[in-house]
Amino acid sequence: MNVGLDPVEVMRSIGVFSRVPSGVAEQLTARSTTRRVSAGDWLFRAGEPSDEMFVILTGRLEVVAESPEGNRRIRLLSAGDAVGELGVLTRANRAASVRALRDTELLCTARDQIESLYNEIPGFASAMVQAVASHLRQDSPRPRTTAYAVLVDGRLPAEQIRNLLMSSLMARCRAALIEVPALLTDESHLDPLALARELDLSERENDVTLLFSSMVGADESWVFCVRQVDSVVVVAPPGAPPRPELVELASTAHLERVEVAFVGPPVATPATAAWLNHSFVTGHHQLGEENEWAETVDRLARSMLGQATGVVLSGGGARGFAHIGALEVFDEAGIAIDRIGGTSMGAFIAALYATGVSPREIYRICRKEMVEQNPFNDYTLPRASVLRARRGEIMMERIFGATSLEETRIPCFTVSCDLAAAEVVVHRRGPIAFAVGASMSIPGLVPPLASGSRFLVDGGVLNNLPVDQMPSGPGPVLAVDVMGEGWAPRTVQWETRPGRPGPRGHLELLLRRGPERVPRLAETLVRTTVIGSWRMAIENRLLADVLVAPAVGKTGLLDFRRIDEMVELGRVAASESLETIRERIAARSLVHSP
């Protein structure tokens, strides 16, 4: 089967040569040579002579502006694109550097070969100048991730996982599978270049292509797969640590995403930590046991296609109960939530949902723990805080136990603030009880939580709506902000105190003369926590694809008795946003009509 791109057809199709006289593409191709550049290698660097023009036959390149402050990507180029043509025409040195993101095959044409055509073909030079000018005016869209390497640990049922994943992808888009044999050697009679060309052709005809390989260790097939793609999914047992050769490869490859999917009962093993300690790992999934794979592999597929919906829940004390109603509506409407995070009360509810607790059960827990038992009333002499916070600590341990964020049913994060460094701390790993407890440690009301040299308090101090901490790449982000109406002074719960001390002042209070109105102490502390981040919350609202803002009105931040009212307000706001949410999710769809 002819799986490569015909160089003449490529030369004819690219914008630079679309206007040149007939036959030029054939002549240029005849005077050109082919070159291969390995993933990670530089094709050329800024400042070098512009002595060749290149056309990409297979693979992908990035144009980079290098500087002492760091490299900046200017453009991404894929099969059919030309690079270096402007320098050849102007004889100027290279203005930027170009590096291979994948193993790339190029058609190279020397400058003297192009210049020789100026005299041989009338009008060739002017046509080239016009074509290049037109080419430079065109926007160059960023190529979407279309090729994934899926590397499955050979000790797992690879065929079953492959079939589930392909079924889920094909239900959403045009998906193709290329199975890579165990060894790409001469004895296997398989040509890596031919496979690379097959991948390139598949990308042109499909929305996503999987290079699939199942091995116990990272052999040549895994190396080949990683060097051809933009993103990688490694499917591993919880107890299997990353192999050094794969770590080295993933660390040096210029990949957009590396996700790890753990198969088996979710546990935070040292191997799990070893995977997540690597900076190149951009996300992880818990596929669970076999009876869960249909649902969890579906979630993995949505993440790969950029359709994984994320939800961010704001802080807001008792107003945060509105999050329960919003989540309930999302579930009823069939909106799959694939990742979640939040601050303060939003962190508490997000963590419960991430561990698999239904919104109805979250309501029951909140009513029992926050309303009936109220952990915010174990007062003490105010040395470090008004409350001892022992009740809250016991509550967290009772609800979350020793479960870690790495083990949650869907990825989850919480946000706290480091008092010492005055910076936001994002918790994506470690015990949930600690991560949520830190996010809910209202300064002055409860003591900070110590973590090494850090002293952690409520995340609302610096970021009460942490949409900026939820990556948008894997899919749309929904934000539920219960503080939308919460910054105005009229929403504070007030109490009165005498304008004068002593019996006369109390008498004036009883006669309703001259009282001084002030917020209650606890309300002041809670409100002070979030008021400093209101500007950040406004900015983060703009980052969300959809904003859900329940009309919580004048509800006090510690008025937990209004839980039923808040839940209903959350339901109303979420219901009113459903149409917009569905539109945003549909905009990410890659499904094609027959």
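According to this note's numbering, the sequence shown is numbered sequentially starting from 31.
Positions of the beta carbon are idealized from the N, C-alpha and C atoms, including for glycine.
Please read all numbers here as calculations on a predicted model, not as lab measurements.
Contacts around residue i, its chain only, beta-carbon distance under 6 Å, and the 5 residues preceding and following it disregarded
i, result
"tryptophan 517", "Only weak support exists for where tryptophan 517 lies, its pLDDT of 46 falling under 50; the coordinates are left without a value."
"arginine 520", "In this prediction, arginine 520 scores a pLDDT of 43, lower than 50, which makes its location untrustworthy; no coordinate-derived value is stated."
"aspartate 26", "Outside the displayed span of the chain (31 to 624) sits residue 26, for which this structure offers no information."
"serine 146", "none"
"serine 619", "none"
"asparagine 570", "Leu495, Val497 and Asp498"
"arginine 542", "Confidence at arginine 542 is low in this model, with a pLDDT of 49, below 50, so its placement is unreliable and the value that follows should be read with caution. So the list is empty, once near-sequence residues are dropped."
"arginine 132", "Ala69, Gly89, Arg90 and Gln258"
Where the beta strand (DSSP E) through residue i begins and ends
i, result
"glutamate 135", "134 to 140"
"glutamate 319", "That residue, glutamate 319, is in no beta strand (DSSP E); it is neither H nor E in DSSP."
"aspartate 183", "177 to 183"
"arginine 66", "63 to 67"
"phenylalanine 74", "72 to 74"
"glutamate 209", "205 to 209"
"isoleucine 462", "Here isoleucine 462 belongs to no beta strand (DSSP E); instead the alpha helix (DSSP H) covers 462 to 469."
"serine 261", "261 to 266"
"serine 481", "479 to 481"
"leucine 577", "576 to 578"
Residue i versus residue j - alpha carbon distance
i, j, result
"serine 80", "glutamate 92", "17 Å"
"arginine 61", "asparagine 236", "32 Å"
"glutamine 499", "valine 311", "16 Å"
"methionine 196", "arginine 484", "45 Å"
"arginine 27", "methionine 245", "Outside the displayed range of the chain (31 to 624) lies residue 27, so it cannot be described from this structure."
"serine 469", "valine 253", "41 Å"
"asparagine 493", "alanine 224", "51 Å"
"arginine 614", "alanine 574", "11 Å"
"arginine 227", "isoleucine 472", "58 Å"
"asparagine 101", "arginine 394", "52 Å"
"proline 171", "valine 94", "With a pLDDT of only 46 at proline 171, under 50, the local geometry of the prediction cannot be trusted, and no value is derived from it."
"cysteine 396", "alanine 126", "57 Å"
"proline 271", "asparagine 404", "43 Å"
"valine 445", "arginine 141", "56 Å"
"glutamate 319", "alanine 266", "13 Å"
"glutamate 525", "lysine 584", "Model confidence at glutamate 525 stands at a pLDDT of 45, short of 50, so the residue's coordinates are unreliable; what they give is reported in the following sentence. Spanning the two alpha carbons is a distance of roughly 14 Å."
"serine 623", "isoleucine 104", "Residue placement at serine 623 cannot be trusted, given a pLDDT of 42 that sits under 50; what the coordinates show is reported in the next sentence. Each residue's Cα considered, the two are about 34 Å apart."
"proline 506", "arginine 332", "11 Å"
"glycine 340", "threonine 88", "34 Å"
"aspartate 361", "histidine 353", "12 Å"
Strand pairing of residue i, partner residues [DSSP]
i, result
"valine 341", "Ile370 and Leu508"
"cysteine 447", "Val454 and Val487"
"histidine 315", "Ala291"
"isoleucine 86", "Leu136"
"serine 127", "Val94"
"cysteine 442", "Ile370"
"arginine 103", "Val94"
"valine 476", "Pro473"
Beta-carbon contacts of residue i that lie in its chain and below 8 Å, excluding the five residues immediately before and after
i, result
"leucine 411", "Because the pLDDT at leucine 411 is just 43, under 50, the model does not fix this residue reliably, and the point stays unresolved."
"threonine 120", "Ser80"
"glutamate 598", "Gly355"
Host alpha helix (DSSP H) of residue i (start-end)
i, result
"methionine 245", "No alpha helix (DSSP H) contains methionine 245, which is instead part of the beta strand (DSSP E) from 238 to 245."
"serine 97", "Unbroken run through serine 97: none, as it is neither H nor E."
"valine 597", "593 to 617"
"valine 277", "274 to 282"
"alanine 567", "564 to 571"
"serine 198", "188 to 200"
"phenylalanine 351", "Segment: none, phenylalanine 351 is in no alpha helix (DSSP H) and carries neither H nor E."
"alanine 381", "375 to 384"
"valine 118", "115 to 120"
When the options are compared against residue i, the one with the closest alpha-carbon
i, options, result
"glutamate 427", "Thr302, Glu399 and Met196", "Glu399"
"valine 456", "Glu437, Val487 and Leu223", "Val487"
"glycine 482", "Leu608, Leu449 and Ala283", "Leu449"
"arginine 234", "Pro478, Trp252, Arg204 and Val262", "Arg204"
"alanine 617", "Leu116, Leu147, His308 and Leu335", "Leu335"
"leucine 136", "Gly460, Arg66, Gln258 and Ile568", "Arg66"
"glutamate 189", "Thr176, Leu207 and Ala177", "Leu207"
"glutamate 209", "Thr239, Leu194 and Met200", "Thr239"
"glutamate 82", "Leu73, Ala432 and Arg192", "Leu73"
"alanine 377", "Glu362, Glu250 and Phe430", "Phe430"
"histidine 284", "Arg612, Pro501, Ile151 and Ser68", "Ser68"
"leucine 572", "Ser502, Val401, Glu598 and Ser605", "Ser502"
"arginine 287", "Gly313, Leu306 and His308", "Gly313"
"valine 180", "Gly355, Arg329 and Glu289", "Glu289"
"leucine 194", "Glu362, Leu330, Ala301 and Leu229", "Leu330"
"alanine 356", "Val128, Arg601, Pro211 and Thr63", "Arg601"
"alanine 509", "Arg129, Leu241 and Ala380", "Ala380"
Contacts around residue i, its chain only, beta-carbon distance under 7 Å, and the 5 residues preceding and following it disregarded
i, result
"glycine 77", "Asn123 and Arg124"
Proximity test, Cβ basis, 8 Å: residue i and chain B
i, result
"alanine 338", "The structure shown has no chain B; it contains just one protein chain."
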